[in-house]
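In our numbering, the protein residues as written are 243 to 300. Every residue gets a Cβ at the ideal spot worked out from N, C-alpha and C, and that includes glycine.
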Amino acid sequence: MTEPKTGELMEKIVSLCKRRGFIFQSSEIYGGLNGFWDYGPLGAELKRNIKENWWRSM
Numbered sequence: 243m244t245e246p247k248t249g250e251l252m253e254k255i256v257s258l259c260k261r262r263g264f265i266f267q268s269s270e271i272y273g274g275l276n277g278f279w280d281y282g283p284l285g286a287e288l289k290r291n292i293k294e295n296w297w298r299s300m
């Protein structure tokens, strides 16, 4: 089985995260800015959990 190219894999990951509500493109209603993302509710919770676990490990 061949592995997808890095760019294709990243597009699939971003698409999944957008569909599941982890991230949204910044200012999407104004056309958006390439490379800028806002966290959705699930993304903010994931970020908080990662940060808490990192602090506990230090």
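Taking W279 as reference, the option from E294, F266, K254 with the minimal CA-CA separation is F266. For Y281, the enclosing beta strand (DSSP E) starts and ends at 279 to 281. Judged by DSSP secondary structure, S268 falls outside any alpha helix (DSSP H); it is assigned neither H nor E.
For M252, the enclosing alpha helix (DSSP H) stretches over residues 248 to 262. For E245, the secondary structure class from DSSP, reduced to helix, strand or coil, is coil.
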